Amino acid sequence: MEFRYKVINEQMQIATGVLDAVDSEAAKRILADNQWQMIELSEVKGWGNWLGREFKGKVKYESVSAFCSQMAMMIRSGANLVRGLEILAAQSEDKRLKEVIETVFRSVSRGNSLSQAMRESRGALPELLVNLVAVGEQSGMLDSVLTSMAEYYERENFIHKKIASAAIYPVIMLVVLIGLIGFFLGFILPEIMDLMTQNGQKLPAITQLIVDSSTFLRSYGLVLVAVLAGLAAVLYRLFKIPKYRYYLDSFLLRVPLLGKNTRAVVTARFSRTLALFLHSSIPIVPILNSMENIVGNEVPRLAVVRARERVIRGETLAAAFGQEKFFDPLVIQMMSIGEETGRLEELMEEVANNYDKRVEIGIARMVALVEPMFTVLIGIFAGGMIISIALPIFNMANVVK
Numbered sequence: 001m002e003f004r005y006k007v008i009n010e011q012m013q014i015a016t017g018v019l020d021a022v023d024s025e026a027a028k029r030i031l032a033d034n035q036w037q038m039i040e041l042s043e044v045k046g047w048g049n050w051l052g053r054e055f056k057g058k059v060k061y062e063s064v065s066a067f068c069s070q071m072a073m074m075i076r077s078g079a080n081l082v083r084g085l086e087i088l089a090a091q092s093e094d095k096r097l098k099e100v101i102e103t104v105f106r107s108v109s110r111g112n113s114l115s116q117a118m119r120e121s122r123g124a125l126p127e128l129l130v131n132l133v134a135v136g137e138q139s140g141m142l143d144s145v146l147t148s149m150a151e152y153y154e155r156e157n158f159i160h161k162k163i164a165s166a167a168i169y170p171v172i173m174l175v176v177l178i179g180l181i182g183f184f185l186g187f188i189l190p191e192i193m194d195l196m197t198q199n200g201q202k203l204p205a206i207t208q209l210i211v212d213s214s215t216f217l218r219s220y221g222l223v224l225v226a227v228l229a230g231l232a233a234v235l236y237r238l239f240k241i242p243k244y245r246y247y248l249d250s251f252l253l254r255v256p257l258l259g260k261n262t263r264a265v266v267t268a269r270f271s272r273t274l275a276l277f278l279h280s281s282i283p284i285v286p287i288l289n290s291m292e293n294i295v296g297n298e299v300p301r302l303a304v305v306r307a308r309e310r311v312i313r314g315e316t317l318a319a320a321f322g323q324e325k326f327f328d329p330l331v332i333q334m335m336s337i338g339e340e341t342g343r344l345e346e347l348m349e350e351v352a353n354n355y356d357k358r359v360e361i362g363i364a365r366m367v368a369l370v371e372p373m374f375t376v377l378i379g380i381f382a383g384g385m386i387i388s389i390a391l392p393i394f395n396m397a398n399v400v401k
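Here the sequence shown stands for residues 1 to 401, numbered as in our numbering.
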């Protein structure tokens with residue numbers, strides 16, 4: 001990343017320039033090392049920087065899980081942290097993870113803690129992981145925290161792969177449908193039209209509809225694509241705003257089957273993350289501050305915010321969350337029992353496992369439902385096309401008779 005700075009240098013003169021650093025904190029350290037007094041520091045905005053960050057992206061959950069597991073083993077074995085990172089960087093097969101480990105290695109070599117070094121990865125590593133590593137360093141339980149995070153991200157990776165697998169069939173069917181329509185409109189329909197035009201025959205309504213649609217797409221297809229792309233961009237920006245994101249998430253949660261599965265995924269993530277934080281001995285209010293940004297849905301996020309305010313006012317966790325409709329009675333009951341017995345961490349882990357099973361069953365049901373729906377949809381389109389071709393041919397045969 002590039003940063004534009006304005007400083008007072010060693011000669012007590014104002015100087016400006018641009019420097020490269022992994023983030024703003026690293027840029028500040030560079031200025032301090034040069035014994036410059038900082039006046040202003042801002043990131044240089046540009047398409048090149050933005051595209052570079054977007055292209056690199058985040059480390060995959062599968063790789064994050066492996067990284068956490070290997071780091072935990074090295075720490076338990078008493079190996080030097082710098083040497084351990086050097087070994088992991090040399091052995092990593094994931095190019096993005098390799099880049100991140102090399103960044104962390106350089107930062108730790110300069111004397112930074114592991115959590116500080118991980119923050120220099122520019123968001124490539126999950127914020128939850130970085131925060132818990134910082135807690136583990138302070139409490140002396142870093143190996144335990146890393147082991148828990150390895151299990152957590154392994155589970156998240158499993159859920160993501162399940163969802164991706166469920167999306168493969170609809171995507172393939174959609175491609176087949178688009179190809180079928182394109183082949184019909186581009187090759188078969190023009191031949192039929194030439195034949196009908198030569199005989200001066202009036203086209204049936206369904207055939208005329210398809211002909212008009214084809215003419216429209218040929219004339220305004222690019223305009224239509226541009227309009228749809230612009231609309232998608234506007235909606236994307238609009239749903240980044242929390243207010244409108246809330247409306248979208250509320251609607252999706254009311255969609256049959258999809259809403260139930262989304263609720264199960266969020267509840268499992270919430271319960272498992274809560275158990276992880278409790279295992280790390282973090283106070284409940286900071287836990288809820290972090291949980292607000294982890295659930296991944298605006299409806300439960302606001303529920304966590306409201307529950308946090310009640311907890312600050314002195315209510316129990318179960319009482320605070322019990323007033324939110326998003327969370328099932330099972331979750332609230334387990335919270336209540338856990339608070340009474342001192343086994344909240346253990347019971348939240350059980351709740352997470354329970355909802356993980358619901359997610360697997362829900363995804364299987366969605367796949368079972370989507371397959372026949374797309375089959376019927378393709379059948380309707382194919383049947384309509386066949387009818388639109390057959391009717392004028394039959395009519396022409398009757399005229400010949």
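No residue lacks a Cβ here, since even glycine has one placed at the ideal position from N, Cα and C.
Being a predicted model, the structure only gives us computed values, none of them experimental.
Query raised in the report: What are the residues that DSSP puts in a beta bridge with MET366?
Result: In the DSSP secondary-structure assignment, MET366 is not bridged to any residue.
Report task. Determine the direct distance from the alpha carbon of GLY221 to that of ILE386, and round the result to whole angstroms. Result -> Rounded to whole angstroms, ILE386 and GLY221 show a C-alpha spacing of 24 Å.
Query raised in the report: Where ASN157 and GLN91 are concerned, what is the direct C-alpha to C-alpha distance, given to the nearest angstrom?
Result: For ASN157 and GLN91, the distance between alpha carbons rounds to 21 Å.
**Report entry** Extent of the continuous beta strand (DSSP E) run through LYS6
**Finding:** Where LYS6 is concerned, the enclosing beta strand (DSSP E) starts and stops at 2-8.
Requested in this report: Report the rounded CA-to-CA distance for LEU85 versus PRO126, giving the unit in angstroms.
Outcome: Each residue's Cα considered, the two are about 18 Å apart.
Query raised in the report: Taking just the CA atoms, how far does GLU292 sit from THR273?
Result: Answer to the nearest angstrom: the Cα atoms are 11 Å apart.
Query raised in the report: With 16 other CB atoms within 10 Å as the buried threshold, where does TYR236 fall?
Result: It is exposed - the Cβ of TYR236 has fewer than 16 other Cβ atoms within 10 Å.
Query - First and last residue of the uninterrupted alpha helix (DSSP H) at MET149 - result: From DSSP, the alpha helix (DSSP H) with MET149 extends over 142-183.
Query raised in the report: Shortest alpha-carbon distance to ALA275 belongs to which of LYS202, ILE168, SER148 and ARG29?
Result: Of LYS202, ILE168, SER148 and ARG29, the smallest CA-CA separation from ALA275 is found for SER148.
Requested in this report: Use the C-beta contact count for PRO392: other C-beta atoms within 10 angstroms, 16 or more gives buried, fewer gives exposed.
Outcome: A residue is called buried when at least 16 other Cβ atoms come within 10 angstroms of its Cβ; PRO392 meets this threshold and is buried.
Query raised in the report: Between the C-alpha atoms of ARG306 and ILE163, what's the straight-line distance to the nearest angstrom?
Result: Distance between the alpha carbons of ARG306 and ILE163 is about 30 Å.
Query - Segment contact, 8 Å Cβ cut-off, at least three pairs: the stretch 199-219 with the stretch 254-263 - result: They do not touch, by the three-pair rule.
Query raised in the report: Start and end of the beta strand (DSSP E) containing MET12?
Result: For MET12, there is no enclosing beta strand (DSSP E), as DSSP gives it neither H nor E.
Report task. Just tell me which of VAL311, ALA166, TYR247 and LEU217 has its CA closest to the CA of GLU371. Result -> Of VAL311, ALA166, TYR247 and LEU217, the smallest CA-CA separation from GLU371 is found for ALA166.
Query raised in the report: With DSSP run on the structure shown, which of helix, strand or coil describes GLY17?
Result: In the structure shown, GLY17 sits in a strand (DSSP, three-state: E or B).
Requested in this report: Would you check if the distance between the CB atom of ALA268 and the CB atom of ALA150 is smaller than 8 Å?
Outcome: Their beta carbons are not under 8 Å apart, which means ALA268 does not touch ALA150 by this criterion.
Query raised in the report: Run through DSSP, which three-state label would ILE39 get?
Result: ILE39 sits in a strand when the DSSP states are folded into three classes.
Query raised in the report: Given that a residue counts as buried once 16 or more other Cβ atoms are within 10 Å of its Cβ, and exposed if not, what is GLU54?
Result: Low local confidence applies: a pLDDT of 42 at GLU54 is under 50, so the model's placement there is unreliable, with the coordinate-based value given in what follows. It is exposed - the Cβ of GLU54 has fewer than 16 other Cβ atoms within 10 Å.
Query raised in the report: Between VAL135 and SER271, is the Cβ-Cβ spacing less than 8 Å?
Result: Taking a C-beta distance under 8 Å as the contact criterion, VAL135 and SER271 do not qualify as a contact pair.
Query - In chain order, each alpha helix (DSSP H) run of at least 4 residues that lies wholly inside the stretch 57-129 - result: Listed in chain order, the alpha helix (DSSP H) runs fully inside the stretch 57-129 are 61-76, 81-91, 95-109 and 114-119, counting runs of at least 4 residues.
Query raised in the report: Considering only the beta carbon of each residue, do ARG4 and SER63 sit closer than 8 Å?
Result: In this structure, ARG4 sits away from SER63, with a CB-CB distance that is not shorter than 8 Å.
Query raised in the report: Quick one: what's got a C-beta closer than 8 Å to ILE332's C-beta in the same chain, skipping five residues either side?
Result: Listed in chain order, the non-local C-beta contacts of ILE332 below 8 Å within the same chain comprise ALA318, PHE321 and GLY322, local neighbours out to five positions each way being set aside.
Query raised in the report: Leaving out the 5 sequence neighbours to the left and right, which residues in its chain are closer than 8 Å to VAL130 when beta-carbon positions are compared?
Result: Shown here for VAL130: same chain residues with a beta carbon closer than 8 Å to its own, the five before and five after excluded, namely SER115, MET118 and ARG119 in chain order.
Query raised in the report: Quick one: Cα of PRO231 to Cα of GLU350, how far?
Result: The sequence shown places Leu at residue 231, not Pro. Rounded to whole angstroms, LEU231 to GLU350 spans 43 Å at the Cα level.
Query raised in the report: Secondary structure at PRO286, three-state DSSP: helix, strand or coil?
Result: Helix.
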